[in-house]
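Take 23 as the starting number for the sequence shown in my numbering and just add one per residue.
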Amino acid sequence: MKRLKESGFRLRITPSSRVLSESQTVALAREADGVVAGIESWSRHVIVACPSLKVISRVGVGVDRIDFEAVHERKIKVQTTPDPIAEPVAELALTMILSLLRQIPVYTASMSRSRWQPVPGRLLAGKTIGIVGLGRIGKKMVQLLEPFGLTILVSETKPGRGFMRRHGLRLVTLKKLLSRSDIVTLHLAYSPLVKGLIGREQLGLMKRGSLLVNTARGGLVDHEALVWALRNRRIAGAALDVFETEPYRGVLSRLPNVITTPHVASFTEESRGAMEEQAVNSLLKELAR
Numbered sequence: 023m024k025r026l027k028e029s030g031f032r033l034r035i036t037p038s039s040r041v042l043s044e045s046q047t048v049a050l051a052r053e054a055d056g057v058v059a060g061i062e063s064w065s066r067h068v069i070v071a072c073p074s075l076k077v078i079s080r081v082g083v084g085v086d087r088i089d090f091e092a093v094h095e096r097k098i099k100v101q102t103t104p105d106p107i108a109e110p111v112a113e114l115a116l117t118m119i120l121s122l123l124r125q126i127p128v129y130t131a132s133m134s135r136s137r138w139q140p141v142p143g144r145l146l147a148g149k150t151i152g153i154v155g156l157g158r159i160g161k162k163m164v165q166l167l168e169p170f171g172l173t174i175l176v177s178e179t180k181p182g183r184g185f186m187r188r189h190g191l192r193l194v195t196l197k198k199l200l201s202r203s204d205i206v207t208l209h210l211a212y213s214p215l216v217k218g219l220i221g222r223e224q225l226g227l228m229k230r231g232s233l234l235v236n237t238a239r240g241g242l243v244d245h246e247a248l249v250w251a252l253r254n255r256r257i258a259g260a261a262l263d264v265f266e267t268e269p270y271r272g273v274l275s276r277l278p279n280v281i282t283t284p285h286v287a288s289f290t291e292e293s294r295g296a297m298e299e300q301a302v303n304s305l306l307k308e309l310a311r
């Protein structure tokens, strides 16, 4: 905020921490040259209503709510903040995996009802884990997992061969990854091409007793199919930080073998500050051109 105030630009600041509606976004950004954006919608309607807009600097990496056809027509620059998010997102994914394996949701629920009911958990050590997507977050996930002595399978269209070789990773098809992994964790970018990537057919390929973790984008997983797989014990559990419609109030949040969090994978005190700083610096640099 200090850097923005010192820049000499006139500022308009959102009055709420809630996700803005399109009309609220237009009201704030109608005369803006640049915006530091959150997860609000930047549809064609919004972009057309902001004729001075030159830069959208997104705090985060998700750009699925930006109409890129409209952006390209207007030659608006879109920037993201990929560097600070890999560590916190990978940490949450690992936390979710360990929590599911060690039955933390089950213990928490029973203890909250004053019930002392130990049930056996499972070790992470020695398992086979499948990582779908080997970008910054997927690579950080590999580094966090290495001490556990795992077999790590990777599904990735553009793998870095050097990284794969150094870390002893195995490149496989998505089908093989799903059928061989004890845990599947999603870390790929979202596009219409991968909408519903994990549906009933893919869940049916997974091992009984396996786990699914999604800290990437909600649209990657067919939630109705996931409910089916969990209720029919096709898989043992799931952990989700992202949902196709947010805020999410669906049945997955009420299943005992599911962990749900409100899209907070990158939301730590340290990473949030770094993301905002990177977004502001990128915005000011672009506007100064």
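Note that the Cβ used here is the ideal one computed from N, Cα and C, for glycine as well. Every value quoted in this text rests on a predicted model; they were computed, and no experiment measured them.
Residues near residue i in its chain [Cβ-Cβ closer than 8 Å; skip 5 each side]
i: W250; result: R222, L225, R256
i: G240; result: L262, V264, F265, E266, T267, E268, Y270
Option nearest residue i by Cα separation, candidates the options
i: P106; options: R230, A258, V81; result: V81
i: T150; options: A49, V164, R66; result: V164
i: L146; options: S203, T102, L75; result: S203
i: V302; options: L42, L50, G60, E44; result: G60
i: L227; options: K197, V243, R239, I126; result: K197
i: E266; options: N279, R183, V216; result: V216
i: V275; options: L262, V286, A287; result: Sequence check: residue 275 is Ser here, not Val. Measuring from the Cα of S275, the nearest candidate turns out to be L262.
i: R52; options: I69, S43, S65, E308; result: I69
i: A310; options: K99, F90, I159; result: K99
i: G160; options: A238, F90, V194; result: A238
i: I78; options: H245, H67, L252, A54; result: A54
DSSP state of residue i mapped onto helix, strand, coil
i: Q46; result: helix
i: V194; result: coil
i: W64; result: strand
i: L210; result: coil
i: S132; result: helix
i: N303; result: helix
i: K97; result: coil
i: I220; result: strand
i: S203; result: coil
Exposure label - residue i; buried when at least 16 CB within 10 Å
i: Q139; result: exposed
i: V154; result: buried
i: P284; result: exposed
i: R34; result: exposed
i: N236; result: buried
i: M118; result: buried
Inter-residue spacing [alpha-carbon to alpha-carbon] between residue i and residue j
i: E28; j: L306; result: 11 Å
i: R40; j: L114; result: 22 Å
i: L200; j: R271; result: 28 Å
i: Y212; j: A131; result: 33 Å
i: R135; j: L277; result: 16 Å
i: R32; j: H94; result: 26 Å
i: V273; j: I281; result: 12 Å
i: A296; j: T290; result: 10 Å
i: V83; j: T102; result: 5 Å
i: S65; j: R188; result: 42 Å
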